[in-house]
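Undergrad: Chains as they are written, first to last, in the working numbering: chain X, 1178 to 1514; chain D, 129 to 304. Glycine residues also receive a C-beta, built at the ideal position from the N, C-alpha and C atoms. Quick one: the structure is below, and I'll ask about it shortly.
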Amino acid sequence: MDVPQPLIWIAKIVVIFGGLVGTAALMSLAERKVSAWMQYRIGPNRVGPFGLLQPLADGIKFIFKEELIPAGANKFMFRLAPALSAAPAMLTMAVIPIGGTAVIAGREIPLSIADVDIGVLFLLAFSGLSIYGVILGGWASNSKYSLLGGLRASAQMISYELTLILTILAVVALEGTLNLRAISENQASIGQWNIWTQPLAFVLFTITMFAETNRHPFDFAECEPELVGGFHTEYSAMRFALYFLGEYCAMTVLSCLNATLFLGGPSVPFWPEAPWFIGVAAFCLKAGFFLFLFLWVRWSLPRMRFDQLMRLGWKVFLPLALANLLVTGAFISFGAH
Amino acid sequence: MSEFLFYLLSVIALVGGLGVIFSKSPMGSVLSLLLSFFALAVVYLLAGFAFMAAVQILVYAGAIMVLFLFVIMLLNLGGMGTRFELSAAPLSSSRAKLAAVVAAGVGLAGLIAAQRASLPALPEGGAPERIDDIQQIAIALFGRYSLPFQAVSLLLLVTMVAVLVLAKRRGKESAQ
């Protein structure tokens, strides 16, 4: 049986996109479960086995809740902003190769939605756009808390985006390509993983991930004691949920990117001829580790102060990332060849 | 199909551009400009310049427009209409004149350098096959067009200083 190509594309989009949104939904459950375990509680366990259907119940609740738009808000922007926050985060998943090449019924299928030569740039361009959702949502709410939260979030995302880009650039310079599939294929065996050649970039990237997604200990955008809920103070019902979906999607995408850039993507240690589904499983495991790290850190560390965050970003991380890039460049120019 | 898309995107870009000028609020202007940028990025994509498209979104939509939004939100320019008018009085201090002369000179030098460097426009046999090759772009930008590239960056710096000078002056005037 010969399956037409468009059908394969659609299937890939459905599977990868569905996996992303499913992961985001499960993360909302995992967040509560992990926090419960860390605090010697049980956590949600009523809906479905082990509370697995809790995200579904939450979703239904969000859809049927009343939606409030504050007086004096810019209605058009207020409605648009959550979508602007969630959509770019979901789009970026398109360029991430979740595995090598699958062979199903004698047919070779590359396991990424779009295999583009400028994959890294595409990802950076669109992940940078999620700032708009935060900043516009904060502005359109016509509330001081929201505005301050939006401003904080965007200042933080802009500051840390520089470090993020510079660390990625070091890997790109080393690999000599912007294609994420090529980058992951270049790290086929465990000795070739970029974590060994770029340990500093790996550490910086991993910490910057937290700031870029406004997660604890850098979650000043929704710092409850100071700003109520930050930029989404005035949001309710499904639009509020969209912000969370966007945040979890951004976390998932960055975890996948970290696994691709530094941990060899779908490569299995000491088993170079592993079948493709083992590769996908290895990729999910690596990305899953970073997702767990998000929760682990959130429930272990206290929140920083905003000036500390800015100082860390501009005075420590940025110079370190620049120096790392400089050394990498010097190594490429004078060393290996 | 691609021709239809091109015209559609052109119309969107033009509508966005008109929106920048005719929008009543600064926020509307920013969003219109954003729309225009995106339409242009897709036009680049249609022409095969994937790199240009990504950089367009990364730099303009992702960085510069966010700064614009910042300024608008922080200054809360909601109801401001007429205060954007710059005073037409010429700069009087000699240092300002010197700065203006230097800026104009650098701009002129940059233009001349760009003109001279770009004389042989395309290699023989038309455009290269892989127009989107990042390596080729880098070699052209940092090799053949290195001087104009530097000149443009200097020009940007000069513009920035000029804006600071103008803004400071206006601040002083309103304080008096």
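Output yes if chain D places a C-beta closer than 9 Å to the C-beta of X:Asn-1251; else output no.
TA: Here the question's residue 1251 of chain X lines up with position 74 in the first sequence. So, interface residue.
Undergrad: Please return the same chain residues whose Cβ sits closer than 6 Å to the Cβ of X:Ala-1464, not counting the five positions on each side in sequence.
TA: Here the question's residue 1464 of chain X lines up with position 287 in the first sequence. So the qualifying residues of the chain are Ser-1432, Cys-1433 and Ala-1436.
Undergrad: Using a Cβ-Cβ cut-off of less than 7 Å, give me the residues of the region 1350-1362 of chain X that come near chain D, in sequence order.
TA: Result list: Leu-1355.
Undergrad: Tell me the DSSP secondary structure of X:Lys-1189 in three-state form.
TA: Position 12 of the first sequence, counted from the first residue, corresponds to residue 1189 of chain X. If DSSP states are grouped into helix, strand and coil, X:Lys-1189 belongs with the helices.
Undergrad: Along chain X, which residues have their Cβ under 9 Å away from the Cβ of D:Phe-179?
TA: Numbered from 1 along the second sequence, position 51 holds the residue referred to as residue 179 of chain D. What D:Phe-179 touches in chain X: Asp-1294, Ile-1295, Leu-1298 and Leu-1355.
Undergrad: Three Cβ pairs or more, each shorter than 8 Å: is that satisfied between the region 1485-1493 of chain X and the region 1212-1231 of chain X?
TA: The region 1485-1493 of chain X is not in contact with the region 1212-1231 of chain X.
Undergrad: With 9 Å as the limit, tell me which residues of the region 130-143 of chain D have their beta carbon closer than that to any beta carbon of chain B; keep them in chain order.
TA: Given the protein chain composition of this structure (X and D), no chain B is represented.
Undergrad: Could you please tell me which residues of the region 1179-1201 of chain X, in chain order, have their CB closer than 8 Å to any CB of chain D?
TA: Residues: none.
Undergrad: Chain D beta carbons: is any one of them nearer than 9 Å to that of X:Trp-1316?
TA: Numbered from 1 along the first sequence, position 139 holds the residue referred to as residue 1316 of chain X. Yes, its Cβ sits closer than 9 Å to a Cβ of chain D.
Undergrad: Starting from the N-terminal side, write out each stretch of the alpha helix (DSSP H) that is 4 residues or longer and does not extend beyond the region 1451-1495 of chain X.
TA: Runs found: 1453-1475 and 1483-1488.
Undergrad: Threshold first: 4 residues or longer. Then list the alpha helix (DSSP H) segments lying entirely within the region 1201-1275 of chain X, N to C.
TA: If we require 4 residues or more, the alpha helix (DSSP H) runs fully inside the region 1201-1275 of chain X come out as 1231-1241 and 1252-1268.
Undergrad: Are there 16 or more other CB atoms within 10 angstroms of the CB of X:Arg-1164, so buried, or fewer, so exposed?
TA: Because chain X in this structure spans residues 1178 to 1514, residue 1164 of chain X falls outside the shown range and cannot be described.
Undergrad: Any beta carbon of chain X sitting closer than 9 Å to that of D:Val-148?
TA: Start at 1 with the first residue of the second sequence, and residue 148 of chain D comes out as number 20. Chain X, which has no Cβ nearer than 9 Å to the Cβ of D:Val-148, makes this no.
Undergrad: Kindly indicate which residue of X:Ala-1317, X:Leu-1355 and X:Arg-1392 has the alpha-carbon position closest to the one of X:Leu-1470.
TA: Within the first sequence, residue 1470 of chain X is the residue found at index 293, counting from 1. Comparing Cα positions, the closest option is X:Arg-1392.
Undergrad: Would you verify that the beta carbon of X:Ala-1302 is, or is not, closer than 9 Å to some beta carbon of chain D?
TA: Position 125 of the first sequence holds residue 1302 of chain X. At least one chain D Cβ lies under 9 Å of X:Ala-1302.
Undergrad: Just checking my contact of D:Ile-140 with D:Ala-167 at CB under 8 Å: how many whole Å lie between their CB atoms?
TA: By one-based count along the second sequence, residue 140 of chain D stands at place 12. By one-based count along the second sequence, residue 167 of chain D stands at place 39. Yes, D:Ile-140 and D:Ala-167 are in contact; Cβ-Cβ is about 4 Å, under 8 Å.
Undergrad: Helix, strand or coil for X:Pro-1183, going by three-state DSSP, please let me know.
TA: The count along the first sequence starts at 1 and reaches residue 1183 of chain X at position 6. Three-state DSSP puts X:Pro-1183 in a helix.
Undergrad: In whole angstroms, what is the alpha-carbon distance linking D:Gly-253 and X:Leu-1381?
TA: If you number the second sequence from 1, residue 253 of chain D lands on position 125. If you number the first sequence from 1, residue 1381 of chain X lands on position 204. In this prediction, D:Gly-253 has a pLDDT of 49, which is less than 50 and means its spatial position is unreliable; what the coordinates show is noted afterwards. So the two alpha carbons sit approximately 47 Å from each other.
Undergrad: Mind pulling the beta strand (DSSP E) runs of 3 or more residues that sit fully within the region 1306-1357 of chain X?
TA: Here no run is fully enclosed.
Undergrad: Along chain X, which residues have their Cβ under 7 Å away from the Cβ of D:Leu-186?
TA: For this step, residue 186 of chain D is matched to residue 58 along the second sequence. Neighbours of D:Leu-186 on chain X, chain order: Leu-1298, Leu-1301, Ala-1302 and Gly-1305.
Undergrad: With 16 other CB atoms within 10 Å as the buried threshold, where does X:Lys-1242 fall?
TA: Here residue 1242 of chain X refers to the residue found at position 65 when the first sequence is read from its first residue. X:Lys-1242 comes out exposed.
Undergrad: Give every residue of the same chain whose Cβ lies closer than 6 Å to the Cβ of X:Trp-1453, excluding the five residues on either side of it in the sequence, and list them in chain order.
TA: Position 276 of the first sequence, counted from the start, is the residue given in the question as residue 1453 of chain X. If we look at X:Trp-1453 and ignore the five residues flanking it on each side, its Cβ neighbours are Gly-1276, Gly-1277 and Ala-1279.
Undergrad: Measuring straight from C-alpha to C-alpha, what distance separates D:Gln-263 and D:Phe-270?
TA: Along the second sequence, read from residue 1 onward, the residue named residue 263 of chain D stands at position 135. Along the second sequence, read from residue 1 onward, the residue named residue 270 of chain D stands at position 142. Approximately 11 Å between the Cα atoms of the pair.
Undergrad: Under the DSSP definition of a beta bridge, which residues are partnered with D:Glu-131?
TA: As a working mapping, residue 131 of chain D is identified with position 3 in the second sequence. According to DSSP, D:Glu-131 bridges with nothing at all.
Undergrad: Buried or exposed: which applies to D:Leu-133, given that a residue is buried once 16 or more other Cβ atoms fall within 10 Å of its Cβ?
TA: Here residue 133 of chain D is taken as the residue at index 5 of the second sequence, counted from 1. Classification of D:Leu-133: exposed, given that the 10 Å Cβ count is below 16.
Undergrad: Pull up the DSSP beta-bridge partners for X:Arg-1284, would you.
TA: Taking the first sequence and counting its residues from 1, the one referred to as residue 1284 of chain X is at position 107. X:Ile-1281.
Undergrad: Cβ atoms of X:Tyr-1425 and X:Ser-1262: under 9 Å apart, would you say?
TA: Numbered from its first residue, the first sequence carries residue 1262 of chain X at position 85. Numbered from its first residue, the first sequence carries residue 1425 of chain X at position 248. Not a contact, by the Cβ cut-off of 9 Å.
Undergrad: In whole angstroms, what separates the C-alpha of X:Gly-1195 from that of D:Thr-287?
TA: Taking the first residue of the first sequence as 1, we reach residue 1195 of chain X at position 18. Taking the first residue of the second sequence as 1, we reach residue 287 of chain D at position 159. About 48 Å.
Undergrad: When the cut-off is 9 Å and only beta carbons count, does X:Ser-1323 lie next to chain D?
TA: Against the first sequence, residue 1323 of chain X aligns to sequence position 146. No, no contact with chain D.
Undergrad: Indicate whether at least one CB of chain D lies closer than 9 Å to the CB of X:Ser-1312.
TA: As a working mapping, residue 1312 of chain X is identified with position 135 in the first sequence. Ser is not the amino acid found at residue 1312 of chain X; the sequence shown has Ile there. Yes, because at least one Cβ of chain D sits closer than 9 Å to the Cβ of X:Ile-1312.
Undergrad: Hey, how far is the Cα of D:Leu-239 from the Cα of X:Ala-1266?
TA: By one-based count along the second sequence, residue 239 of chain D stands at place 111. By one-based count along the first sequence, residue 1266 of chain X stands at place 89. Cα to Cα, D:Leu-239 sits roughly 41 Å from X:Ala-1266.
Undergrad: At a CB distance below 7 Å, what residues from the region 1262-1278 of chain X approach chain D? Give them in sequence order.
TA: Taking 7 Å as the Cβ-Cβ cut-off against chain D, none of the residues of the region 1262-1278 of chain X qualify.
Undergrad: For the ligand HEM, any of its heavy atoms closer than 8 Å to the Cβ of X:Gln-1375?
TA: What this structure holds is no ligand at all, so the ligand HEM is not there to describe.
Undergrad: Whose C-alpha, out of X:Gly-1305, X:Glu-1352, X:Ser-1361 and X:Leu-1346, is nearest the C-alpha of X:Ile-1335?
TA: Counting from one through the first sequence, the residue named residue 1335 of chain X turns up at place 158. X:Ile-1335 has its Cα closest to that of X:Gly-1305, out of X:Gly-1305, X:Glu-1352, X:Ser-1361 and X:Leu-1346.
Undergrad: Excluding the 5 residues preceding and the 5 following X:Ser-1331 in the sequence, name in chain order all residues of the same chain whose CB lies nearer than 7 Å to its CB.
TA: The residue given as residue 1331 of chain X occupies position 154 in the first sequence. Cβ within range, chain order: Ile-1308, Val-1311 and Ile-1312.
Undergrad: Please state whether DSSP places D:Gly-176 in a helix, a strand or coil.
TA: The residue labelled residue 176 of chain D in the question sits at position 48 within the second sequence. In the structure shown, D:Gly-176 sits in coil (DSSP, three-state: anything other than H, G, I, E or B).
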